Each structure stands twice: as structure tokens, then as C-alpha cells.
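**Student:** In this note's numbering, the protein residues as written are 6 to 97.
Yeah, the Cβ is synthetic: ideal placement off N, Cα and C, and Gly gets one too.
Since the model is a prediction, treat every value here as computed from it, not as a measurement.
1) Using 8 Å as the threshold, is the C-beta distance between residue 76 and residue 46 below it?
2) How about residue 50 and residue 41: do their beta carbons lie closer than 8 Å?
3) Cβ of residue 70 within 8 Å of Cβ of residue 59?
4) By DSSP, does residue 27 sit in helix, in strand, or in coil?
5) DSSP three-state call for residue 7: helix, strand or coil?
6) Please say whether residue 62 and residue 79 have beta carbons closer to each other than 8 Å?
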């Protein structure tokens, strides 16, 4: 398996875990983060969550695989920030 494929697989698993775990983030927070995305990012993230591969998203659009991967990575980091905020509130 190539490094890109491994990265994509790990990224998908992480995003899926973050989205699906009720203890980590609620649907309202996720929706608010998603709504703040611009049109391009929103369409990329939406397709990725639906199970499209990074390659197929890039092939269907005018964007490179690197650009698609970066947008997903940025979205994942926003989720991580919100999860960290929620976890720090629970600890306090």
C-alpha cells in the first residue's frame, strides 16, 4: 500500500470515528463547523463523508488529490479543536 493510500485510510478512519462518536462531538457542533465551510470545501467534505475516495473526488472535480486531501485535513483539524474544547470543559 502506498503512503498516500495509508494516509487516506487513516484520515478516513479518524474522521469517521470523530463524527460517529457521540461522546466526542455533538451533531449541532459538527453542523456548525460544516456550515462555515465555503462551497468548494463543503462539496469535498460532503463527498468524502459519503464514502467517495480522495482520488474519485479529485477526478470528478478540477482539483488535485493534494488539494482535496488538504481540505479534508483542515476540516479534521477543526473537528479536533472542538473535541479538545469539549473534553477540557468536561475535565474542569
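**Tutor:** Working from what's here:
1) Residue 76 sits at position 71 when you count from the first residue of the chain shown. Residue 46 sits at position 41 when you count from the first residue of the chain shown. Yes.
2) Indexing the chain shown from 1 puts residue 50 at position 45. Indexing the chain shown from 1 puts residue 41 at position 36. No, they are not a contact pair.
3) Stepping through the chain shown from its first residue, residue 70 is reached at position 65. Stepping through the chain shown from its first residue, residue 59 is reached at position 54. Yes, they are a contact pair.
4) The residue you call residue 27 lines up with position 22 of the chain shown. Caution is warranted here: a pLDDT of 49 is assigned to residue 27, below 50, making its placement in the model unreliable, and no coordinate value can be reported.
5) Position 2 of the chain shown, counted from the first residue, corresponds to residue 7. In the structure shown, residue 7 sits in coil (DSSP, three-state: anything other than H, G, I, E or B).
6) Numbered from 1 along the chain shown, position 74 holds the residue referred to as residue 79. Numbered from 1 along the chain shown, position 57 holds the residue referred to as residue 62. No, Cβ-Cβ distance for residue 79 and residue 62 is not below 8 Å.
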